[in-house]
Amino acid sequence: MVSGIWTEKYRPNKFSEVFGQDNSVKRVEALTNSLNIPHMMFAGPAGTGKSTLALIVVKELYKDNWKENYLELNASDERGINVIREKVKNFARTKSIGNIPFKIIFLDEADALTPEAQQALRRTMENYSSTCRFIMSCNYSSKIIDPIQSRCAIFRFKLLEKKDVEKVIIRICENEKLTIKPEAIEVLYEGCEGDCRRCINILQSTASIALSITPELVATIISNTKPRDIRVVLDYAISGDFLKAKEKLLDIMLKDSISGQDVIKAIQKEIWNLPVEPTIKVKLTEKTGEAEFRIVEGSDPFIQLQALLASFVLAGLGKE
Amino acid sequence: MSPWTEKYRPKNLEEIKGQDEAVFKIREFLKNFGKKKNALILHGPPGTGKTSIAHAAAKENNFEIFELNASDLRNREKLKNILRPATEQMPLEKSDKIILVDEVDGISEYDYGGLGELLSVIESTSFPVIITANDIWDKKFSALRKKCEMLQLKEINVNVLKNVILEISAKENISVNDDLINELSAKAKGDMRAAINDLQALSKLKDYFSVILDERNKETDIFSSLKKVFQEKPENEMLGIFDSVNMSIDDIILWIEENIPADYKGEELARAYDLLSKTDVFRGRIHKQQYWRFLVYENIFLSYGIASSKKNTKTGFTSYKKPSRILQIWLNNQKTVHKKSICHKYAEYVHVSHKRAMTEFPVIKLVIKSNPEIQKELKLEEEEIEYLKI
Numbered sequence: 138m139v140s141g142i143w144t145e146k147y148r149p150n151k152f153s154e155v156f157g158q159d160n161s162v163k164r165v166e167a168l169t170n171s172l173n174i175p176h177m178m179f180a181g182p183a184g185t186g187k188s189t190l191a192l193i194v195v196k197e198l199y200k201d202n203w204k205e206n207y208l209e210l211n212a213s214d215e216r217g218i219n220v221i222r223e224k225v226k227n228f229a230r231t232k233s234i235g236n237i238p239f240k241i242i243f244l245d246e247a248d249a250l251t252p253e254a255q256q257a258l259r260r261t262m263e264n265y266s267s268t269c270r271f272i273m274s275c276n277y278s279s280k281i282i283d284p285i286q287s288r289c290a291i292f293r294f295k296l297l298e299k300k301d302v303e304k305v306i307i308r309i310c311e312n313e314k315l316t317i318k319p320e321a322i323e324v325l326y327e328g329c330e331g332d333c334r335r336c337i338n339i340l341q342s343t344a345s346i347a348l349s350i351t352p353e354l355v356a357t358i359i360s361n362t363k364p365r366d367i368r369v370v371l372d373y374a375i376s377g378d379f380l381k382a383k384e385k386l387l388d389i390m391l392k393d394s395i396s397g398q399d400v401i402k403a404i405q406k407e408i409w410n411l412p413v414e415p416t417i418k419v420k421l422t423e424k425t426g427e428a429e430f431r432i433v434e435g436s437d438p439f440i441q442l443q444a445l446l447a448s449f450v451l452a453g454l455g456k457e
Numbered sequence: 002m003s004p005w006t007e008k009y010r011p012k013n014l015e016e017i018k019g020q021d022e023a024v025f026k027i028r029e030f031l032k033n034f035g036k037k038k039n040a041l042i043l044h045g046p047p048g049t050g051k052t053s054i055a056h057a058a059a060k061e062n063n064f065e066i067f068e069l070n071a072s073d074l075r076n077r078e079k080l081k082n083i084l085r086p087a088t089e090q091m092p093l094e095k096s097d098k099i100i101l102v103d104e105v106d107g108i109s110e111y112d113y114g115g116l117g118e119l120l121s122v123i124e125s126t127s128f129p130v131i132i133t134a135n136d137i138w139d140k141k142f143s144a145l146r147k148k149c150e151m152l153q154l155k156e157i158n159v160n161v162l163k164n165v166i167l168e169i170s171a172k173e174n175i176s177v178n179d180d181l182i183n184e185l186s187a188k189a190k191g192d193m194r195a196a197i198n199d200l201q202a203l204s205k206l207k208d209y210f211s212v213i214l215d216e217r218n219k220e221t222d223i224f225s226s227l228k229k230v231f232q233e234k235p236e237n238e239m240l241g242i243f244d245s246v247n248m249s250i251d252d253i254i255l256w257i258e259e260n261i262p263a264d265y266k267g268e269e270l271a272r273a274y275d276l277l278s279k280t281d282v283f284r285g286r287i288h289k290q291q292y293w294r295f296l297v298y299e300n301i302f303l304s305y306g307i308a309s310s311k312k313n314t315k316t317g318f319t320s321y322k323k324p325s326r327i328l329q330i331w332l333n334n335q336k337t338v339h340k341k342s343i344c345h346k347y348a349e350y351v352h353v354s355h356k357r358a359m360t361e362f363p364v365i366k367l368v369i370k371s372n373p374e375i376q377k378e379l380k381l382e383e384e385e386i387e388y389l390k391i
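Line by line, the protein sequences give chains A and B.
The number in our numbering is simply the position in the first sequence, starting from 1, with 137 added.
The number in our numbering is simply the position in the second sequence, starting from 1, with 1 added.
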């Protein structure tokens with residue numbers, strides 16, 4: 138069955154269909170053709186093809202039996218390393234189906250695991266290395282402990298270049314009988330910051346409204362999907378109304394389920410649009426940086442964000 | 002379901018527990034009506050049986066009861082038109098009655114007109130007047146006190162409370178152990194109504210009841226500790242202030258987070274939040290490194306640190322609020338159940354994490370919303386499809 142979700146419908150099924158990442162794709166393809174792959178780590182930003190490549194490896198190796206020989210786990214969703222170990226254990230217990238002597242476990246967002254959990258994972262990898270190969274994906278390989286890195290062949294994924302994203306967009310538009318202006322492609326690419334999945338999703342959202350994709354339409358859809366109203370929070374804070382700012386912030390975070398780090402990112406960008414003196418902008422940025430650091434170190438991002446808002450209130454009063 | 006405080010309100014004076022002296026005196030008052038003063042003030046703490054005694058006395062004598070409360074006393078005209086006629090003997094009227102003026106201390110300074118009218122009604126009434134009040138010693142009641150007999154009700158003895166709790170539990174068919182009875186009766190502090198209300202809550206909540214009782218206890222502790230920290234000068238004794246609060250340090254952090262803006266503004270606010278933020282950083286380090294000595298710093302920042310953030314000491318009453326954030330998160334979760342389940346299905350299907358699906362929900366929603374094929378593909382339930390339309 139062909140999926141109606143374009144990110145699935147147009148997900149490449151063969152190495153030759155993958156755009157960009159030329160070097161990594163070629164090396165992975167060569168390994169796959171040898172029918173024996175090492176543990177692998179795919180490192181790179183979201184929407185650059187890590188899961189896609191893992192799926193292609195599996196489909197190439199096992200052909201029709203791929204589902205039986207493949208386990209997909211997401212480190213940021215599984216509740217703790219013990220759950221992961223348990224699932225790996227159950228999966229690895231039975232022999233692989235077909236003539237490849239091992240199964241494949243894809244561990245997505247492995248950098249969501251704490252260093253301790255990674256140590257435990259390393260033991261698991263060793264215990265089942267005769268029957269299983271791991272493919273791990275992460276945004277930053279630096280967050281993966283050295284012993285795991287040293288057990289893996291590492292492949293780096295870059296943000297997709299504009300020409301690659303363009304190829305994807307044009308292919309989809311031809312297939313879906315959409316007309317698209319070059320400027321609209323530009324807006325799409327800029328709005329997605331090289332994340333191909335996001336790009337396709339926005340294209341499909343836009344297409345659900347009109348068959349002719351204009352830059353204005355794309356821009357509207359993109360702005361509708363950005364974290365809203367962070368500016369309102371900052372305006373309240375700068376004008377001295379701490380309670381309103383706090384209330385609005387919690388409201389946004391809950392409604393749109395955005396993380397503290399995403400809020401910080403949005404605040405950091407929004408500072409430059411505030412009607413305040415240049416020195417204050419720098420001061421606010423400094424505070425924001427400190428808050429981001431403390432979010433990483435601390436345990437409750439909302440407390441850190443409140444502290445940040447309280448310091449913005451002061452800056453608004455012209456103090457500090 | 003009617004409140005048990007009503008259901009088990011005594012029906013005659015025999016059923017009044019633990020107020021024997023008062024029962025005796027009210028019988029005397031009614032028997033001798035017309036010979037001494039026309040009105041009787043029943044005063045005492047809440048839940049000691051003032052209203053119950055008045056009603057029971059009326060029933061015992063087969064009197065009707067004519068009842069007024071504080072809100073009726075607001076208005077002189079109303080008193081004239083309602084109370085006065087009620088106190089006049091009508092020919093052909095069948096039975097006697099008692100005039101009950103409930104909660105007279107609810108009357109405010111602005112209702113003097115009403116109070117004056119009440120006094121003149123007492124002069125001329127043909128029926129006994131019973132007045133109840135928690136506190137009758139205010140200056141504005143001095144004239145009233147002179148015109149009335151006074152009967153003070155004491156807090157109800159703890160053993161009496163225990164017996165009543167036992168009796169009602171038996172009638173309601175709920176089992177309570179000794180610990181619970183002791184706890185309930187001690188907590189009521191002589192207030193029968195509180196004891197019965199708590200018991201009724203127990204019957205509904207069963208296992209959770211002990212938790213709720215606990216909660217009440219905790220709150221008084223946290224309130225006084227917060228007041229000290231937010232309003233008083235930092236002293237070394239303050240360092241251990243939260244030790245006596247029967248709460249986890251994480252809960253205390255939430256209480257402080259909620260209430261900093263209640264007492265602090267501007268620079269004080271920023272300083273206090275900065276310390277709270279540092280507390281949280283140490284908490285994070287404890288979790289990551291399992292180095293529990295950092296707890297010391299959490300404690301110091303929360304107590305002495307927050308206290309030192311103010312420029313001057315503060316006075317006055319601040320009503321500190323319960324932490325609301327957790328509740329809000331919970332409410333929000335209730336609201337976003339469908340969003341979560343949609344993201345769950347979507348995430349599995351397209352090989353992304355649930356978290357990412359949640360953050361990208363605005364885009365995903367647009368994709369799914371307008372396309373019934375995809376809704377079928379993801380096996381969305383009807384409620385989930387409805388949710389997308391909102």
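We treat Cβ as the ideally placed atom computed from N, Cα and C, and that holds for glycine.
Source: prediction; values computed, not measured.
Tell me, please, whether the CB atom of residue i is closer than 8 angstroms to any CB atom in chain A?
i, result
"A308 of chain B", "no"
"R77 of chain B", "no"
"I213 of chain B", "The pLDDT assigned to I213 of chain B is 47, lower than 50, so where the model puts this residue is not dependable; a value taken from the coordinates is nonetheless given after this. Cβ-Cβ to chain A under 8 angstroms: no for I213 of chain B."
"R284 of chain B", "yes"
Going by beta carbon distance, what residues of the same chain come within less than 6 angstroms of residue i, once the five residues before and after it are set aside?
i, result
"K299 of chain A", "Y326"
"G267 of chain B", "none"
"S170 of chain B", "V177"
"T261 of chain A", "R222 and V225"
"A189 of chain B", "L162, A195 and A196"
"I142 of chain A", "none"
The beta strand (DSSP E) that contains residue i, what's its start and end?
i, result
"M177 of chain A", "M177 to A180"
"E209 of chain A", "Y207 to N211"
"K266 of chain B", "It is not in any beta strand (DSSP E) - K266 of chain B carries neither H nor E in the DSSP assignment."
"E150 of chain B", "C149 to Q153"
"A40 of chain B", "A40 to H44"
"L244 of chain A", "K240 to D245"
"V102 of chain B", "K98 to V102"
"M273 of chain A", "C269 to C275"
"A290 of chain A", "A290 to R293"
Does chain B have any CB closer than 8 angstroms to the CB of residue i?
i, result
"E145 of chain A", "yes"
"N338 of chain A", "yes"
"I440 of chain A", "yes"
"E327 of chain A", "no"
"Q255 of chain A", "no"
Can the beta-carbon of residue i be found less than 8 angstroms from the beta-carbon of residue j?
i, j, result
"R146 of chain B", "T6 of chain B", "no"
"V369 of chain A", "K383 of chain A", "no"
"A180 of chain A", "R293 of chain A", "yes"
"H56 of chain B", "N135 of chain B", "no"
"A23 of chain B", "I54 of chain B", "yes"
"E339 of chain B", "E384 of chain B", "Note that residue 339 of chain B is His in the sequence shown, not Glu. Cβ atoms of H339 of chain B and E384 of chain B: closer than 8 angstroms."
Enumerate in chain order the residues of its own chain whose CB-to-CB distance from residue i is below 8 angstroms, with the five nearest sequence positions on each side excluded.
i, result
"Q441 of chain A", "G397, A428, R431, I432 and G435"
"I369 of chain B", "I343, Y347, I375, Q376, L379, L381 and L389"
"N164 of chain B", "K18"
"I307 of chain B", "V230, F231, I257, I261, A273, L276 and L277"
Note the first and the last residue of the continuous alpha helix (DSSP H) segment covering residue i.
i, result
"Q255 of chain A", "P252 to N264"
"I66 of chain B", "No alpha helix (DSSP H) holds I66 of chain B; the beta strand (DSSP E) holding it covers E65 to L69."
"V220 of chain A", "G217 to R230"
"T397 of chain B", "Because chain B in this structure spans residues 2 to 391, residue 397 of chain B falls outside the shown range and cannot be described."
CB-CB under 7 angstroms to residue i, same chain, minus the five flanking residues each way: which ones, in chain order?
i, result
"I359 of chain A", "G328 and I339"
"E89 of chain B", "S127"
"V212 of chain B", "Confidence at V212 of chain B is low in this model, with a pLDDT of 45, below 50, so the placement of that residue should be treated as unreliable; the coordinate-derived value is given next. No residues qualify anywhere along the chain."
"I365 of chain B", "Y347 and A358"
"I346 of chain A", "L354"
"G453 of chain A", "A374, I375, S376 and G377"
"A254 of chain A", "I218"
Next on the checklist: For the stretch 392 to 421 of chain A, list every residue whose C-beta sits within 9 angstroms of some C-beta in chain B, in sequence order.
Outcome noted: K392, D393, S394, I395, S396 and D399
Item to check | Proximal residues, the stretch 157 to 174 of chain A versus chain B, C-beta separation under 8 angstroms | outcome: none
Next on the checklist: If the cut-off is 9 angstroms on Cβ atoms, which residues from the stretch 209 to 227 of chain A count as contacting chain B, listed in chain order?
Outcome noted: E209, N211, A212, S213 and D214
Item to check | Members of the stretch 370 to 381 of chain A that neighbour chain B once the beta carbon cut-off is set at 7 angstroms | outcome: F379 and L380
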